[in-house]
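The opening residue of the sequence shown carries number 109 in the numbering used here; numbering runs sequentially from there. Below is one structure, written out as structure tokens, with a few remarks after it.
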Amino acid sequence: MITRRHEAGGTRSEALYSPCGRYRYGLARTWDAQAAPVLFVMLNPSTATEMANDPTIHRCETRARTMGAGGVKIANLFAWRATRPADLRCAEDPEGPENAALLADWAGGAAMTVAAWGVHGAWRGAGPALARRLGPLWHLGLTRDGHPRHPLYVAYRVTPEPWPAAERYPVGG
């Protein structure tokens, strides 16, 4: 894994990439090392880097700052970098060989883990499988099919709600 760092305006940023650059395993922004970060788990990485936010990362960072977190960490069900969910289907291994380990590690150190992969998380059963594997989860609302909403499409006034394990996807979901 390749780690790239950047610092600006009192915020330290770090992105974790595969050697080939096609996978981004994690993205972190830290502004207060004394406070735990909020982890958002979404579908897949898009265009954000250690130096620049995309609209989704901007919204996640804004939410984390508003919540009083010391930073924000971004991980995904799939580490393959793509701007459209449909592009994931072209990847031979969209999850990436180091993704599961990073998810487990980062979830363990977060103040809160927010599930936010949207309806496309149903592909390959990835969202339901991860929801069953992880410990405490929160969400920003659920779709009618029970998937955690993506933060880009949720108003800032909506705050994370606990997602009890017993309510995460019925068997076969």
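Here a beta-carbon is modelled for each residue, glycine too, at the ideal position from N, C-alpha and C.
Backbone CA spacing between Y125 and L210 [nearest angstrom]: 12 Å
Sub-9 Å separation of P205 and L245 beta-carbons: no
Distance CB(V243)-CB(A224) smaller than 9 Å: Here residue 243 turns out to be Gly, not Val, going by the sequence shown. Not closer than 9 Å, so no.
Length of the line joining the Cα atoms of Y131 and A187: 5 Å
C-beta atoms of G176 and A143 nearer than 9 Å: yes
Collapsed DSSP secondary structure at P256 in the structure displayed: strand
Beta-carbon proximity check, T191 vs T155, cutoff 9 Å: yes
Three-state class that DSSP yields for P272 in the structure shown: coil
Under the three-state DSSP convention, the category R132 falls into: strand
Same chain only: Cβ atoms within 7 Å of P268, ignoring 5 sequence neighbours per side: M220, V222, W246, H247, L248
Where the beta strand (DSSP E) containing H166 begins and where it ends: That residue, H166, is in no beta strand (DSSP E); its alpha helix (DSSP H) goes 163 to 174.
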